[in-house]
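Student:
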Amino acid sequence: MTDSRLAVIVLAAGQGTRMKSATPKVLHLLAGLPIVAHVLATARELDAAKVIAVVRHERDRVAEAVTAALPHAVLVDQDEVPGTGRAVELALEALPAGFDGDVLVLNGDVPLLDAATLRGFLAAHRAEGAPATVLTAILADPTGYGRIVRASDGAFERIVEQRDATDDELALDEVNAGVYAFGLSGLRDHLASLRTDNSQGEKYLTDIVGVLRAAGSSVSAMPVAEPWLVEGINDRAQLSDAAARLNALIVRGWQLAGVTVQDPATTWIDLTVTLAPDVELLPGVQLKGATTVATGAVIGPDTTLVDCEIGEAAVVKRTDGTLAVIGRGATVGPFAYLRPGTDLAEDGKIGTFVETKNAKIGAGSKVPHLSYIGDTEVGVGANVGAGTITANYDGVDKHRTVIGSHVRTGSHNVFVAPVRIGDGAYTGAGTVVRKDVPAGSLALNVAPQRNIEGWVGANRPGTDAAKAADESGNK
Ligand code: UD1
Ligand code: CA
2 MTDSRLAVIV LAAGQGTRMK SATPKVLHLL AGLPIVAHVL ATARELDAAK VIAVVRHERD
62 RVAEAVTAAL PHAVLVDQDE VPGTGRAVEL ALEALPAGFD GDVLVLNGDV PLLDAATLRG
122 FLAAHRAEGA PATVLTAILA DPTGYGRIVR ASDGAFERIV EQRDATDDEL ALDEVNAGVY
182 AFGLSGLRDH LASLRTDNSQ GEKYLTDIVG VLRAAGSSVS AMPVAEPWLV EGINDRAQLS
242 DAAARLNALI VRGWQLAGVT VQDPATTWID LTVTLAPDVE LLPGVQLKGA TTVATGAVIG
302 PDTTLVDCEI GEAAVVKRTD GTLAVIGRGA TVGPFAYLRP GTDLAEDGKI GTFVETKNAK
362 IGAGSKVPHL SYIGDTEVGV GANVGAGTIT ANYDGVDKHR TVIGSHVRTG SHNVFVAPVR
422 IGDGAYTGAG TVVRKDVPAG SLALNVAPQR NIEGWVGANR PGTDAAKAAD ESGNK
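Note that my numbering has the sequence shown beginning at 2, numbered continuously upward.
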């Protein structure tokens, strides 16, 4: 049910300089989704009356990701005044006139925080009745975070940023998690009074706490149970730490749902992937995007699948695939490269060192070895010989190859498209098929073999080859 007394503000306007990236920090991917999308997903779960996202750096790209993650989020543009305080100040202007509830502020770069923790935090804030509550964490290494400064009686006093802290303050290990709950009344006025006389020349939201205290209000702090929940992502080291943490949770979730994962440390599963019970994932598997795997399928080792659909009991070994559909009981690999539009029907086979693209391969048909099959349709029960190439590209346009049902093509064939092989036809080894082959025929175009007897002895006398031939009696 919608919490009509709750508004959530997600801060996503910063550049993220410490990422040293052309991509805005909050758009870097974590388990297949932009960092900020994780924060928005949590905001959605809280069912707030309003979710506001503040954007500025690479505005359009970030706005697009925000809208994709949460279509009803309201976008607010930050102006040239920098700082998290300014971001919140502008966000408040987007609140409906009559709104008078709590404002939950979330940093757009703290992606692991879950809705259950935030619900507990909000409940504590509401029970306490303080004008502001700050989520804190005790970190073994607090470097980079704002430190929580407490009075000698333990009461919450203020937050000091790493760059503005004294040595004594830097030694404090309780940090600001970047998550705050405020009562709306009063927040507006106090935000307007924030100054920019700090090392970064920014309006720090964190100063609001000291301002409220100075105005005689109490501020409460709630430490989070598990510090990793509030780890922020500022650089690429923190990005990979968070990715590993989230992946471990995702893998564990699938294990509890009945998926065998042999080696969680080398198995990477995007949040957007769907797996059925009794799927088996061998070491070195990456499943990405909209990939789905049906029950009984075995994936890996060393397989990457992006947006693929894998059928029941299929086996996909040492394969790289994108936008491919693999049917029930089919086998793929080892060492297959499945490009977009690959569609292998049930019990089919795409074997070793085979590349496929826009290839619809019928039930029970096999392409077992060393082939390139592109812009091709294969009927049912066909066998495509080892070393087959569909020559689909004439240098300008792509053309189709159609291979009928129950066809047997010889090894080392080239199908020069457009070309069509009728049902039940055969082709000889080494055939370059340039013309259609009628159903039931055998196509051959290789010149008859000629043996010139004694050629090696006459032309390569004294070589090991000549000696070997001699010893065998030249038979
Ligand atoms: C911030 C806190 C710090 C806290 C840490 C927790 C401040 C001043 N400091 O530091 O106390 O320990 O988070 O992770 O708030 N943003 C804007 N507009 C801006 C600047 C930033 O929207 O003008 C957004 C960023 O996109 C980011 C978030 O606010 O999502 C936090 O900004 P960041 O620069 O990462 O702050 P920290 O230095 O991590
Ligand atoms: Ca940060």
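The beta-carbon is built from N, C-alpha and C at its ideal position, and this holds for glycine as well. Since we're looking at a predicted model, the values are computed, not measured.
Measuring alpha carbon to alpha carbon, tell me which residue in 245, 217, 452, 222 is nearest residue 229.
Tutor: For the purposes of this step, residue 229 is identified with residue 228 of the sequence shown, where counting begins at 1. Closest by alpha carbon: 245.
Student: Starting from residue 127 and walking both ways along the alpha helix (DSSP H), at which residues does that stretch end?
Tutor: On the sequence shown, position 126 is the one that residue 127 refers to. It spans 116–129 - the alpha helix (DSSP H) in which residue 127 sits, taken as one unbroken run.
Student: Using only Cβ atoms and a threshold of 6 Å, which residues come within that distance of a heavy atom of ligand 2? Order them by chain position.
Tutor: 108, 110, 233, 235
Student: Could you tell me which residues DSSP pairs with residue 287 in its beta bridges?
Tutor: As a first step, residue 287 is located in the sequence shown; it is residue number 286 there, counting from the start. The partner list for residue 287 (beta bridge, DSSP) reads 269, 305.
Student: Between residue 83 and ligand 1, is the CB less than 7 Å from at least one heavy atom?
Tutor: In the sequence shown, residue 83 corresponds to position 82, counting from 1. Checking the Cβ of residue 83 against ligand 1 gives yes.
Student: Would you mind giving the Cβ-Cβ distance between residue 341 and residue 352, rounded to the nearest angstrom? I have them listed as a contact below 8 Å.
Tutor: Residue mapping note: residue 341 aligns to position 340 of the sequence shown, counting from 1. Residue mapping note: residue 352 aligns to position 351 of the sequence shown, counting from 1. The beta-carbon distance between residue 341 and residue 352, rounded to whole angstroms, is 20 Å. This is too long to meet the 8 Å contact definition.
Student: Report, in whole angstroms, the separation of the C-beta atoms of residue 313 and residue 221, which I expect to be a contact under 8 Å.
Tutor: Translated into the one-based positions of the sequence shown, residue 313 becomes position 312. Translated into the one-based positions of the sequence shown, residue 221 becomes position 220. That belief does not hold up - the Cβ atoms of residue 313 and residue 221 are roughly 54 Å apart, past 8 Å.
Student: Run the proximity test for residue 116: is its beta-carbon closer than 7 Å to any non-hydrogen atom belonging to ligand 1?
Tutor: The residue given as residue 116 occupies position 115 in the sequence shown. Checking every heavy atom of ligand 1 against the Cβ of residue 116, none is found closer than 7 Å.
Student: Which word fits residue 447, buried or exposed, when buried means at least 16 other C-beta atoms lie within 10 angstroms of its C-beta?
Tutor: Here the question's residue 447 lines up with position 446 in the sequence shown. Around the beta carbon of residue 447, a 10 Å sphere encloses fewer than 16 other beta carbons of the protein chains shown; the residue is thus reported as exposed.
Student: In angstroms, rounded to a whole number, what distance separates the CA positions of residue 411 and residue 374?
Tutor: Numbered from 1 along the sequence shown, position 410 holds the residue referred to as residue 411. Numbered from 1 along the sequence shown, position 373 holds the residue referred to as residue 374. Straight-line Cα distance between these residues: approximately 15 Å.
Student: Please identify the residue among 472, 408, 470 whose C-alpha is closest to the C-alpha of residue 444.
Tutor: The residue labelled residue 444 in the question sits at position 443 within the sequence shown. Relative to the Cα of residue 444, the nearest Cα in the group 472, 408, 470 belongs to 408.
Student: With a threshold of 7 Å, establish whether the CB of residue 160 neighbours any heavy atom of ligand 1.
Tutor: For this step, residue 160 is matched to residue 159 along the sequence shown. Within the cutoff, so yes.
Student: Quick one: is the Cβ of residue 141 within less than 7 Å of any heavy atom of ligand 1?
Tutor: Here residue 141 refers to the residue found at position 140 of the sequence shown. Result no, Cβ not under 7 Å from ligand 1.
Student: Measuring straight from C-alpha to C-alpha, what distance separates residue 384 and residue 53?
Tutor: What you label residue 384 is simply residue 383 of the sequence shown in a count that begins at 1. What you label residue 53 is simply residue 52 of the sequence shown in a count that begins at 1. Whole-angstrom Cα-Cα distance: 58 Å.
Student: Tell me residue 205's beta-bridge partners as DSSP assigns them.
Tutor: In the sequence shown, counting from the first residue as 1, residue 205 sits at position 204. Answer by DSSP bridge pairing: none, since residue 205 is not bridged.
Student: What span of residues does the alpha helix (DSSP H) with residue 91 cover, start to end?
Tutor: As a working note, residue 91 is residue 90 in the sequence shown. Residue 91 -> alpha helix (DSSP H) spans 85–93.
Student: Hey, could you find the ends of the alpha helix (DSSP H) residue 350 is sitting in?
Tutor: Working through the sequence shown from its first residue, we reach residue 350 at position 349. Counting along the chain, residue 350 falls outside any alpha helix (DSSP H), though it belongs to the beta strand (DSSP E) covering 350–362.
Student: What does residue 453 pair with, by DSSP beta-bridge criteria?
Tutor: Taking the sequence shown and counting its residues from 1, the one referred to as residue 453 is at position 452. DSSP lists no partner for residue 453.
Student: What do you reckon, are the CB atoms on residue 180 and residue 106 nearer than 8 Å?
Tutor: The residue you call residue 180 lines up with position 179 of the sequence shown. The residue you call residue 106 lines up with position 105 of the sequence shown. Result yes, Cβ atoms of residue 180 and residue 106 sit closer than 8 Å.
Student: What would DSSP say about residue 369, mapped onto helix, strand or coil?
Tutor: As a first step, residue 369 must be located in the sequence shown, where it is residue number 368. In the three-state reduction of the DSSP assignment, residue 369 falls in the strand class, which pools E and B.
Student: Return helix, strand or coil for residue 219, following the three-state DSSP convention.
Tutor: Taking the sequence shown and counting its residues from 1, one reaches residue 219 at position 218. Of the three classes helix, strand and coil, the one that applies to residue 219 here is coil, per DSSP.
Student: Given this structure, state the Cα-to-Cα distance separating residue 318 from residue 290, to the nearest angstrom.
Tutor: The count along the sequence shown starts at 1 and reaches residue 318 at position 317. The count along the sequence shown starts at 1 and reaches residue 290 at position 289. Rounded to whole angstroms, residue 318 to residue 290 spans 19 Å at the Cα level.
Student: Taking the C-alpha atoms as reference points, what is the distance between residue 296 and residue 13?
Tutor: On the sequence shown, position 295 is the one that residue 296 refers to. On the sequence shown, position 12 is the one that residue 13 refers to. Roughly 40 Å between the two C-alpha positions.
Student: Once the 5 residues before and after residue 152 are set aside, which same chain residues still bring their CB inside 8 Å of it?
Tutor: The sequence position of residue 152 within the sequence shown is 151, counting from 1. The answer, listed in chain order, is 158.
Student: Can you tell me whether DSSP reads residue 471 as helix, strand or coil?
Tutor: If you number the sequence shown from 1, residue 471 lands on position 470. In the structure shown, residue 471 sits in a helix (DSSP, three-state: H, G or I).
Student: What are the residues that DSSP puts in a beta bridge with residue 416?
Tutor: Position 415 of the sequence shown holds residue 416. Paired residues: 391, 434.
Student: Looking at ligand 1, does it come within less than 7 Å of residue 207, judged from the CB to the closest heavy atom?
Tutor: As a position in the sequence shown, residue 207 is number 206, starting the count at 1. The answer is yes for residue 207.
Student: Comparing the CB of residue 106 with every heavy atom of ligand 1, is any distance shorter than 7 Å?
Tutor: Position 105 of the sequence shown, counting from 1, holds the residue named residue 106. It does not: the Cβ of residue 106 is nowhere closer than 7 Å to a heavy atom of ligand 1.
Student: Any chance the CB of residue 214 is under 7 Å from a heavy atom of ligand 1?
Tutor: For this step, residue 214 is matched to residue 213 along the sequence shown. A distance criterion of 7 Å places the beta-carbon of residue 214 beyond contact range of ligand 1, judged by its closest non-hydrogen atom.
Student: Return the bridge partner residues of residue 184 from the DSSP annotation.
Tutor: Translated into the one-based positions of the sequence shown, residue 184 becomes position 183. Note: residue 184 sits in a beta bridge opposite 103.
Student: Could you pull out every residue in the same chain whose Cβ sits closer than 6 Å to the Cβ of residue 16, ignoring the five residues on either side in sequence?
Tutor: In the sequence shown, residue 16 corresponds to position 15, counting from 1. So the qualifying residues of the chain are 58.
Student: Does DSSP put residue 236 in a helix, a strand or coil?
Tutor: What you label residue 236 is simply residue 235 of the sequence shown in a count that begins at 1. The answer is coil: DSSP assigns residue 236 none of H, G, I, E or B.
Student: Got a sec? Which residues, its chain only, sit under 6 Å from residue 75 by beta carbon, not counting five neighbours each side?
Tutor: Start at 1 with the first residue of the sequence shown, and residue 75 comes out as number 74. Within the same chain, residue 75 has close Cβ partners 53, 95.
Student: Measuring straight from C-alpha to C-alpha, what distance separates residue 253 and residue 167?
Tutor: Locating residue 253 in the sequence shown gives position 252, counting from the first residue. Locating residue 167 in the sequence shown gives position 166, counting from the first residue. C-alpha separation (whole angstroms): 42 Å.
Student: Is it buried or exposed for residue 97, if we count other Cβ within 10 angstroms and need 16 for buried?
Tutor: Reading the sequence shown from its first residue, position 96 is the one you call residue 97. Exposed is the call here.
Student: Under a Cβ-count criterion, where at least 16 other Cβ atoms within 10 Å of its own Cβ denotes burial, should residue 99 be classed as buried or exposed?
Tutor: As a first step, residue 99 is located in the sequence shown; it is residue number 98 there, counting from the start. That one is exposed.
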